[in-house]
Amino acid sequence: MNDFIIAKNVTFKYGKTQGLESDSDYSDLPVSDETGNVIDNISLTVKRGEFVTLLGHNGSGKSTLAKHFNGLLLPCGGRIFIENFDTMDETKTLDIRRKVGLILQNPDNQIVAGIVEEDVAFGPENLGVPQKEIRERVDEALKLVDMYDYRLHAPHKLSGGQKQRVAIAGILAMKPDCIVLDEPTAMLDPRGRREVLSALTRLNKENSITIVLITHYMDEAVMADRVIVMNDGGILAEGTPNEVFSDIELLKKHGLDVPQPAELIYKLRQKGVPVETIPLTEEECLKVLEEILG
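Reminder that position 11 of the sequence shown reads as 10 in numbering that gives the first Met the number 0, one-by-one numbering, no gaps.
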């Protein structure tokens, strides 16, 4: 897989935007209460077609970093490249946002029309896509997230999970190569979470869409190809889910949870039970327990 997102020594602090001449130039921007950088000299890559999860406690910088991936925020130092496009190049902003779609936590904040199919069509219309192609894109996007049968429904009458899938369809209709999602399941019930995660997994595996998922749910992180853990604006750990969650002591030291199966086996280890493998799913945990019990 080729590198799709490349972050090089990225630093960011709210209220201090690169290229502005004086305090008056950024007086209308949000100012952080933190004295340090929200993002502090981060370098990372996301490969095309990869499913990456960003973890970290509140204030770790993960949501701020995600907003850099489609040019919504620009680095104060360092650079971010989306393939060959530098996000600091204003002439490439539209190209970047065509490649990277951003889904926020609350789907109600992204729904703009009174009918589902009109909402999904909003993005392509703003890109100047011909009407015939818009119709095709809308139908295709709704089918990809299993919402085609609801195309004539009013979005406000849908469940939280259905609304979030409509929001994803709206991004898909713009034909992005990558979708960045900032805690898209935080406001959903368990059924809504499963619906959204199922859609994301299918889009990644069957359609090769690059996924960057910010979440505080450990069971969602387990689904990823790679996990990046952020802490105080930097990267604390990075690797496959098995590699990251095997270092339970490190995660707990920084106030982070681990998947429940890993937590259970960790506690058994503390009680002196000899267990080598750290399971991440319920199925894996059952196998480990069966081995322990003989």
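Where a beta carbon is used, it is the ideal one built from N, C-alpha and C, also for glycine.
Proximity below 8 angstroms, CB of residue i to CB of residue j
| i | j | result |
| --- | --- | --- |
| I291 | V274 | yes |
| D224 | E49 | yes |
| G77 | K7 | yes |
| F11 | C75 | yes |
| G233 | D94 | no |
| G191 | S158 | yes |
| V45 | V37 | no |
| M222 | L202 | no |
Chain-order list of residues whose beta-carbon lies under 7 angstroms from that of residue i (same chain, five-residue window excluded)
| i | result |
| --- | --- |
| I213 | L53, K61, S62, A65, L180, D181, E182 |
| V296 | The requested residue 296 does not occur in the structure, where the chain is confined to residues 0 to 293. |
| P260 | P278, L279, T280, E281, E283, C284 |
| V287 | I264, V274, T276, P278 |
| S23 | Note that S23 has pLDDT 36, beneath the 50 cutoff, so the model's placement of it is unreliable and the number below is only indicative. Contacts found: none. |
| P123 | I133, R136, A172, M173 |
| T92 | G70 |
Residue of the options minimising C-alpha distance to residue i
| i | options | result |
| --- | --- | --- |
| H67 | D107, R201, V211, Y149 | V211 |
| Q161 | L143, K174, N83 | L143 |
| G70 | L43, H56, V45, L101 | L101 |
| R47 | L72, N57, G35, F80 | F80 |
| Y216 | G35, E242, A236, M186 | M186 |
| D88 | R97, L73, V99, K98 | L73 |
| R193 | D231, R268, D218 | D218 |
| I41 | G35, P123, V9 | V9 |
| A153 | M146, V115, K252 | V115 |
| K252 | L267, D145, L263, L235 | L235 |
| N206 | G55, P189, L267, I178 | I178 |
Residue i, DSSP secondary structure in three states
| i | result |
| --- | --- |
| I95 | helix |
| L126 | coil |
| C177 | strand |
| K7 | strand |
| S26 | With a pLDDT of 35 at S26, under the threshold of 50, the modelled position of that residue is not reliable, and no figure is offered here. |
| Y216 | coil |
Alpha carbon of residue i to alpha carbon of residue j, nearest angstrom
| i | j | result |
| --- | --- | --- |
| E82 | L43 | 13 angstroms |
| N57 | G254 | 11 angstroms |
| R150 | R134 | 12 angstroms |
| V228 | K131 | 43 angstroms |
| T299 | Q163 | The structure shown does not extend to residue 299, since the chain is modelled only from 0 through 293, so no value can be given for it. |
| L250 | N230 | 10 angstroms |
| L103 | Q109 | 8 angstroms |
| E96 | G271 | First, the residue type needs correcting, since residue 96 is Arg and not Glu in the sequence shown. Cα-Cα distance, rounded: 52 angstroms. |
| F121 | G127 | 10 angstroms |
| T239 | P129 | 42 angstroms |
| Y13 | M146 | 38 angstroms |
| N1 | N105 | 32 angstroms |
| E237 | K204 | 22 angstroms |
| P268 | E262 | The residue asked about is misnamed: residue 268 is Arg in this sequence, not Pro. If you take the alpha carbons of R268 and E262, they lie about 10 angstroms apart. |
Cβ shell of residue i (< 8 angstroms), same chain only, five flanking positions each side left out
| i | result |
| --- | --- |
| Y265 | I247, V257, I277 |
| S59 | M229, N230, D231, G232 |
Cβ neighbours of residue i in the same chain (closer than 6 angstroms, five flanking residues each side left out)
| i | result |
| --- | --- |
| L199 | I210 |
| E242 | none |
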